[in-house]
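Notes follow the structure.
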Amino acid sequence: MLTRSISLVAAVVVAALTPAVVHAQVAAPPRPATLQAVPRPTYDRVTLGGGFGGLSGAAHLDQASTADWRLGWIGSVDATAWLHQYVGIRASGSWAQDSVRGATLPGRGKFNKFTYDADLVLRYPTGAGSGTVIPYLVGGAGAISVHQLGADSTWTKFAGNFGAGLEYRFGRLGIRAEGRDYVYKFDRYGFDKTQHDIAWQGGVTLSF
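In terms of the numbering used here, the sequence shown opens at residue 12 and continues consecutively.
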């Protein structure tokens, strides 16, 4: 008799709890997958980089829009100190060359351009297989020195810059593509207008 009573009580308890359990399983929303941050490697304190690519002037030299820049080339080197996994300070320099078209200048119409600047870099590393994909933004200020080939004068102007890039890193080594806009005032040879030199480069990186 006692055994029968215990069995009956157990059956009643199970019957009472079963709908609640089923309801909880049905009503409970699925938990979202937890995103895992990419661990910061020990050799991510300083990154050296270098690149080469093209240079094009996005702005005309005159108000009549008759004089502008031909397609040129640019090479650059840089060093970035990472203050945080997502924030770094970069020092960079570049050497570019392009020429003016649509205008008559004294001497040659070809120019060397040297830039040197300090920049803030914001990045977001994400895992991709055995490597790391790193999209980033870069912007800062410095100066540009412009030298006309065949002349003995060089002038320097304040220059700002901003851009974006994408790096794929495997271990210490990486490859990257980057685009930047160098903004400065060209006020020689009768011109006086803000210029936008667009540089797009492919390059390599080495991190320590």
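Glycine included, each C-beta is placed from N, C-alpha and C at the ideal position.
Source: prediction; values computed, not measured.
Counted within 10 angstroms of its Cβ, other Cβ atoms place residue i as buried (16 or more) or exposed
i, result
"K204", "exposed"
"L82", "exposed"
"S164", "exposed"
"V111", "buried"
"D198", "exposed"
"Y220", "Residue coverage of the chain in this structure runs from 12 to 219, which leaves residue 220 outside it and unanswerable."
"A78", "buried"
"A210", "buried"
"Y147", "buried"
"S76", "exposed"
"F219", "exposed"
"A162", "exposed"
"S141", "exposed"
"Q206", "buried"
"Y193", "buried"
"A170", "buried"
"G174", "buried"
"Y54", "exposed"
"V157", "buried"
"G138", "exposed"
"F122", "buried"
"L72", "buried"
DSSP-derived helix/strand/coil call for residue i
i, result
"A92", "strand"
"T76", "According to the sequence shown, residue 76 is Ser rather than Thr. S76 falls in the coil class under three-state DSSP."
"L115", "According to the sequence displayed, residue 115 carries Thr and not Leu. DSSP places T115 in coil when its eight states are reduced to three."
"K109", "In the sequence as presented, Lys is not what sits at residue 109; that position holds Asp. Correct three-state label for D109: strand."
"V215", "strand"
"A4", "In this structure the chain extends from 12 to 219, so residue 4 is not present and cannot be described."
"H207", "strand"
"A162", "coil"
"R81", "coil"
"Y200", "coil"
"T51", "Sequence check: residue 51 is Arg here, not Thr. In the structure shown, R51 sits in coil (DSSP, three-state: anything other than H, G, I, E or B)."
Range of the contiguous beta strand (DSSP E) that encloses residue i
i, result
"A152", "142-159"
"F181", "165-181"
"D128", "121-134"
"F63", "57-68"
"Y195", "184-197"
Anticipated Cβ contact below 8 Å, residue i with residue j, distance rounded
i, j, result
"A107", "L66", "5 Å"
"W80", "G62", "Actually they do not touch by this definition, with Cβ atoms about 20 Å apart."
"R187", "T216", "6 Å"
"V144", "T91", "Going by Cβ atoms, the distance from V144 to T91 rounds to 17 Å, so no, they are not a contact pair."
"G226", "Q212", "The requested residue 226 does not occur in the structure, where the chain is confined to residues 12 to 219."
"V149", "R101", "7 Å"
"N172", "G201", "Not really, about 26 Å apart at Cβ, beyond 8 Å."
"Y127", "G153", "5 Å"
Cβ of residue i within 9 Å of any chain D Cβ
i, result
"E189", "Absent from the structure is chain D; it holds one protein chain and no more."
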